[in-house]
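Start counting at 1 in the sequence shown, then tack on 4, and there's your number in this note's numbering.
Where is the CB? At the ideal position from N, CA and C, for every residue including glycine.
A quick note: this is a predicted structure, and the numbers were derived from the prediction, not measured.
Inspection log for the structure reproduced underneath, given as structure tokens.
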Amino acid sequence: MNRQYKNIPIQSSEITPESLYLSRREWLKKAGLVGAGALLAACGIAPTTSPTASPTPENDQTFTSTSTNKASDELGAQLTDFDAITGFVNYYEFSTDKQAVAKLAEKFTITLWQIEVGGMVHKPKTYGIEDLLRKFPRQERIYRMRCVEGWSMVIPWLGFPLASLLKEVEPMSSARYVRFETILRPEEMPGQNSPFFDWPYVEGLRLDEAMHDLTIVCTGLYGKDLPAQNGAPVRLVVPWKYGFKSPKSLVKIDLVEQQPATFWSVSAPHEYGFYSNVNPEKSHPRWSQATERRIGETGRRPTLMFNGYADQVAYLYKDMDLNIYY
Ligand SMILES: Nc1nc2c(c(=O)[nH]1)N[C@H]1C(S)=C(S)[C@@H](COP(=O)(O)O)O[C@H]1N2
Ligand SMILES: [Mo]
Numbered sequence: 005m006n007r008q009y010k011n012i013p014i015q016s017s018e019i020t021p022e023s024l025y026l027s028r029r030e031w032l033k034k035a036g037l038v039g040a041g042a043l044l045a046a047c048g049i050a051p052t053t054s055p056t057a058s059p060t061p062e063n064d065q066t067f068t069s070t071s072t073n074k075a076s077d078e079l080g081a082q083l084t085d086f087d088a089i090t091g092f093v094n095y096y097e098f099s100t101d102k103q104a105v106a107k108l109a110e111k112f113t114i115t116l117w118q119i120e121v122g123g124m125v126h127k128p129k130t131y132g133i134e135d136l137l138r139k140f141p142r143q144e145r146i147y148r149m150r151c152v153e154g155w156s157m158v159i160p161w162l163g164f165p166l167a168s169l170l171k172e173v174e175p176m177s178s179a180r181y182v183r184f185e186t187i188l189r190p191e192e193m194p195g196q197n198s199p200f201f202d203w204p205y206v207e208g209l210r211l212d213e214a215m216h217d218l219t220i221v222c223t224g225l226y227g228k229d230l231p232a233q234n235g236a237p238v239r240l241v242v243p244w245k246y247g248f249k250s251p252k253s254l255v256k257i258d259l260v261e262q263q264p265a266t267f268w269s270v271s272a273p274h275e276y277g278f279y280s281n282v283n284p285e286k287s288h289p290r291w292s293q294a295t296e297r298r299i300g301e302t303g304r305r306p307t308l309m310f311n312g313y314a315d316q317v318a319y320l321y322k323d324m325d326l327n328i329y330y
């Protein structure tokens, strides 16, 4: 909690107001209003579901979303509850038990963090988190996160395009891929004592994927700094790929010539490829990827090609057979 960069301002105009983040019940409490009718009348919030549908306990747990505010993604889906985003996480360095991670990550040290950007660049540079926040103003990006395991969330991240950072270090023309390395600290991360994986967790993108505006360096969510369990102090988010292509706790970014090895493709090569674009038509060897469970919803919804970002990213793969390059 005692982060040195806690007081770096973010542009408030870019952040969704807190009222839009709170559950209807919480909002009512804060606003001192007494009933849902009063809430709707008082601030003109229109429910995304049919206005005649009566609220249920399940609805009450979800977050308010309207067509006129930013508290939904561009497909109109509501933000996932903060408690779910921070309480149900994949972070194998701590545990393979999603609900055990938050507690285990409580004392993770994130002060004096540095991130080294180098490899095939003209101006290699090491940034403290404070430098990053000062240099690259963070914006809110509401993205869908689709885990390869078949669940998904809608998360209001705070971050800035990775492209801004890469441009500053000036990639050489021979650079074709970007390699991401995360922290190795087994004394604070019990999962790193597991011999079943090759630590540290590493990932990679093709340079054009890395330069795409959707690809962000992420330092926060829900208008605040990242919680440790979500990858504090700095992670990557690549929304059209399965969640594991969004590495947490980044310490190193290298421009390279050859396609880099990645944590999951090393650990299970016939199950995970380098690209790992969300693709409902390409099954995982052990299960279908056609549908997903949106956390907070009942039932399943169809998974969309490139996680619904096809209009923005399909061109990156236009000459590729996605059954081979999965
Ligand atoms: N360093 C690291 N990054 C990681 C992981 C991990 O185990 N270690 N898990 C990945 C997986 S499988 C997913 S689905 C996302 C989940 O991000 P979230 O918990 O913030 O939603 O983080 C990814 N980044
Ligand atoms: Mo995942």
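> Looking only at C-alpha atoms, which of V121, I299 and T295 sits nearest to R305?
Replying inline: Walking along the sequence shown from the start, residue 305 turns up at place 301. Here the closest residue by C-alpha is T295.
>> Per the DSSP calculation, R150 is bridged to which residue(s)?
In response: Position 146 of the sequence shown holds residue 150. Partner(s): S156.
> Would you say the beta carbon of G163 comes nearer than 7 Å to a heavy atom of ligand 1?
Replying inline: Reading the sequence shown from its first residue, position 159 is the one you call residue 163. Flag unset: Cβ of G163 not near ligand 1.
>> With distance defined between alpha-carbon atoms, name the residue in T113, K139 and T100 nearest to N197.
In response: Walking along the sequence shown from the start, residue 197 turns up at place 193. Restricting attention to T113, K139 and T100, the CA atom closest to the CA of N197 is found in T100.
> Buried or exposed: which applies to W268, given that a residue is buried once 16 or more other Cβ atoms fall within 10 Å of its Cβ?
Replying inline: On the sequence shown, residue 268 is found 264 positions in, with the first residue counted as 1. When all chains shown are included, W268 counts as buried.
> Would V317 pass as a contact of L218 if the rule is Cβ separation under 8 Å?
Replying inline: Here residue 317 refers to the residue found at position 313 of the sequence shown. Here residue 218 refers to the residue found at position 214 of the sequence shown. A contact, by the Cβ cut-off of 8 Å.
>> Residues around ligand 2, please: the ones whose beta-carbon is closer than 7 Å to some heavy atom of it, in chain order.
In response: Matched residues: N94, C151, V152, E153, Y246, G247 and F248.
> Based on Cα-Cα distance, which residue from F248, S253, L83 and Y330 lies nearest to E153?
Replying inline: Within the sequence shown, residue 153 is the residue found at index 149, counting from 1. Closest option to E153, Cα to Cα, is F248.
> Where in the stretch 177-252 do unbroken runs of the alpha helix (DSSP H), each at least 4 residues long, occur, reported from the N-terminal end onward?
Replying inline: Runs of the alpha helix (DSSP H) inside the stretch 177-252: 211-215.
> Exposed or buried, W203, counting other C-beta atoms within 10 Å across all chains shown (16 or more means buried)?
Replying inline: To locate residue 203, count along the sequence shown from 1; it is residue 199. Around the beta-carbon of W203, 16 or more other beta-carbon atoms lie within 10 Å, marking it buried.
>> Suppose contacts are defined by Cβ-Cβ distances below 8 Å. Is P128 in contact with V182 by that definition?
In response: Here residue 128 refers to the residue found at position 124 when the sequence shown is read from its first residue. Here residue 182 refers to the residue found at position 178 when the sequence shown is read from its first residue. Taking 8 Å as the cut-off, the beta carbon of P128 is found no closer than this to the beta carbon of V182.
> Do the CB positions of D1 and I146 come within less than 8 Å of each other?
Replying inline: The requested residue 1 does not occur in the structure, where the chain is confined to residues 5 to 330.
> What are the uninterrupted segments assigned as alpha helix (DSSP H) that are 4 or more residues long and contained completely in the stretch 273-328, given in chain order?
Replying inline: Taking only runs of at least 4 residues, the alpha helix (DSSP H) segments lying wholly in the stretch 273-328 are 314-317.
> Which one of R298, T302 and E275 has the shortest CA to CA distance from P289?
Replying inline: Against the sequence shown, residue 289 aligns to sequence position 285. When C-alpha distances from P289 are compared across R298, T302 and E275, the shortest belongs to E275.
> What first and last residue would you give for the beta strand (DSSP E) that runs through G260?
Replying inline: Within the sequence shown, the letter at position 256 stands for residue 260. The sequence given here has Val at residue 260, not Gly. Counting along the chain, the beta strand (DSSP E) containing V260 begins and ends at L254 to V260.
> Would you report the Cα separation of R210 and A104, rounded to the nearest angstrom?
Replying inline: Counting from 1 along the sequence shown, the entry for residue 210 is found at position 206. Counting from 1 along the sequence shown, the entry for residue 104 is found at position 100. Going from the Cα of R210 to the Cα of A104 covers about 33 Å.
> Just the Cα atoms here: how many angstroms apart are L137 and E261?
Replying inline: In the sequence shown, residue 137 corresponds to position 133, counting from 1. In the sequence shown, residue 261 corresponds to position 257, counting from 1. Distance between the alpha carbons of L137 and E261 is about 29 Å.
> What is the rounded straight-line gap between the Cα of I49 and the Cα of G300?
Replying inline: Counting from one through the sequence shown, the residue named residue 49 turns up at place 45. Counting from one through the sequence shown, the residue named residue 300 turns up at place 296. Since pLDDT at I49 reaches only 33, below the 50 mark, its modelled position is unreliable, and the value read off the structure follows with that caveat. Roughly 21 Å between the two C-alpha positions.
> Does DSSP classify G80 as helix, strand or coil?
Replying inline: The residue you call residue 80 lines up with position 76 of the sequence shown. Here G80 sits in coil by DSSP.
> Short check: CB of L251 to CB of E192, under 8 Å?
Replying inline: Taking the first residue of the sequence shown as position 1, residue 251 is located at position 247. Taking the first residue of the sequence shown as position 1, residue 192 is located at position 188. In the sequence under discussion, the amino acid at residue 251 is Pro, which differs from the Leu named in the question. No, Cβ-Cβ distance for P251 and E192 is not below 8 Å.
>> For ligand 1, I want to know if I257 counts as a neighbour, meaning its beta carbon is within less than 7 Å of at least one of the ligand's heavy atoms.
In response: Taking the sequence shown and counting its residues from 1, one reaches residue 257 at position 253. The answer is no for I257.
> For the candidate residues G277, N327, S156 and S177, whose alpha-carbon lies nearest to that of V93?
Replying inline: Position 89 of the sequence shown, counted from the first residue, corresponds to residue 93. Looking only at G277, N327, S156 and S177, the smallest Cα-Cα distance to V93 is reached by S156.
>> Could you tell me the alpha carbon to alpha carbon distance between V282 and R148, rounded to whole angstroms?
In response: Counting from 1 along the sequence shown, the entry for residue 282 is found at position 278. Counting from 1 along the sequence shown, the entry for residue 148 is found at position 144. Those two C-alpha atoms are separated by around 11 Å.
> Should H126 go down as buried or exposed, given a rule of 16 or more other Cβ atoms within 10 Å for buried?
Replying inline: Your numbering for residue 126 matches position 122 in the sequence shown. H126 is exposed by the Cβ-count criterion.
> Can the beta-carbon of E134 be found closer than 8 Å to that of L162?
Replying inline: If you number the sequence shown from 1, residue 134 lands on position 130. If you number the sequence shown from 1, residue 162 lands on position 158. The beta carbons of E134 and L162 sit no closer together than 8 Å.
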